[in-house]
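Residue numbers (this note's numbering): 136 to 360. A short write-up of the structure that comes next.
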Amino acid sequence: MTKFAPDFPRPTPAQIAAFADIGTATAHEAFGRRGALHHAIKPIRKGLRLLGPAFTAKGKPGDNLTGHAALALAKRGDVIVYSAEAFTEGAAFGDVMAEAALQRGIAGVLIDGAARDGNILRESDLPVFARGLSLKSRGDKDYFGPLAEAIVVGGVEVHPGDLIIGDDDGVVVIPFADIDWVAEVAQQRSEKETALRARLASGAITTWDLFGPAILRRKGIDIEI
């Protein structure tokens, strides 16, 4: 019997740390407004944060066998990215799996589908993102799907080792090869926005001043606001 031990390049701790203070909206803008997962995939409670390399897995609606395999194979610091094909009428992840993930040092779990045991998961230290909660679960354990391969989650292709960033606004995926330059652009945007907020707070400008006058001039509208 062959031991299945998938491995792939992962971002370095320094590459991950470069996004520690970068929100999903800023990362999305820095990446050319690409990489955003479907807006329905959100944290199960406010304030959760996903940040780490993707360990991908794909199941079928009502069958989470591959998800259990991912829990056994993922490395400490990985974010398990699991496709249940956007199925929300049955949960693919719950409190028992969450406990297993915590014990293995998993950085978070992203489910393109539903979770359950919401009250327990919300009290857990494990960041869980999903399309919603469902008390139902057939509990099938039959389909063994792709592991550590490219899959589509929330309408976006995700490869193992891609950087997953999640917060209250949603989730964005930064491909492994693009991490460094996106981090640089995101940091520049963040610094620029910090300076802009300071000017707005001082009353020196309004948001209209940023773009409004130029747009009106371009349109030939001769009014002043």
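Just so it is clear, CB atoms sit at the ideal spot from N, CA and C, and this is done for glycine as well.
Distance between beta carbons of residue j and residue i, contact taken as under 8 angstroms
i, j, result
"threonine 223", "serine 272", "With 8 angstroms as the limit, threonine 223 and serine 272 do not qualify as a contact, their Cβ atoms being about 12 angstroms apart."
"leucine 200", "alanine 235", "14 angstroms between Cβ atoms; not a contact."
"valine 317", "phenylalanine 166", "5 angstroms"
"leucine 261", "alanine 233", "5 angstroms"
"proline 295", "alanine 312", "With a Cβ gap of about 13 angstroms, proline 295 and alanine 312 do not count as contacting."
Backbone CA spacing between residue i and residue j [nearest angstrom]
i, j, result
"proline 348", "glycine 248", "45 angstroms"
"glutamate 292", "proline 178", "20 angstroms"
"valine 216", "leucine 345", "39 angstroms"
"glutamine 150", "glycine 182", "22 angstroms"
"isoleucine 308", "isoleucine 350", "In the sequence on display, residue 308 carries valine and not isoleucine. Their backbone Cα atoms lie some 33 angstroms apart in a straight line."
"isoleucine 362", "alanine 330", "For the chain, the structure presents residues 136 to 360; residue 362 sits outside this window and is missing."
"alanine 250", "valine 320", "34 angstroms"
"isoleucine 314", "glutamine 322", "12 angstroms"
Assigned secondary structure, residue i (DSSP; H/G/I helix, E/B strand, else coil)
i, result
"leucine 172", "coil"
"glutamate 292", "strand"
"glycine 347", "helix"
"proline 148", "helix"
"glycine 338", "coil"
"lysine 177", "strand"
"glycine 280", "coil"
Neighbour flag for residue i against chain D, beta carbons, 7 angstroms
i, result
"isoleucine 350", "No chain D is present in this structure, which holds just one protein chain."
Sequence-distant residues of its chain with Cβ nearer than 7 angstroms to residue i (five each side left out)
i, result
"histidine 173", "Gly289 and Gly290"
"glycine 187", "Ile151, Gly212, Asp213, Val214, Ala242, Gly243 and Ile299"
"glycine 253", "Ile179 and Leu268"
"aspartate 357", "none"
"arginine 145", "Pro188 and Gly296"
Close-in-space but distant-in-sequence residues of the same chain around residue i (CB under 8 angstroms, 5 per side omitted)
i, result
"isoleucine 340", "Arg334"
"glycine 170", "Ala162, His163, Val291, Val307, Val308, Ile309 and Pro310"
- Message: Going residue by residue through the region 182-229, where are the continuous beta strand (DSSP E) segments of at least 3 residues, counting only ones entirely within it?
- Response: 185-193 and 214-228
- Every unbroken beta strand (DSSP E) within the region 292-334, with a cutoff of 3 residues, ordered by chain: 298-302 and 305-309
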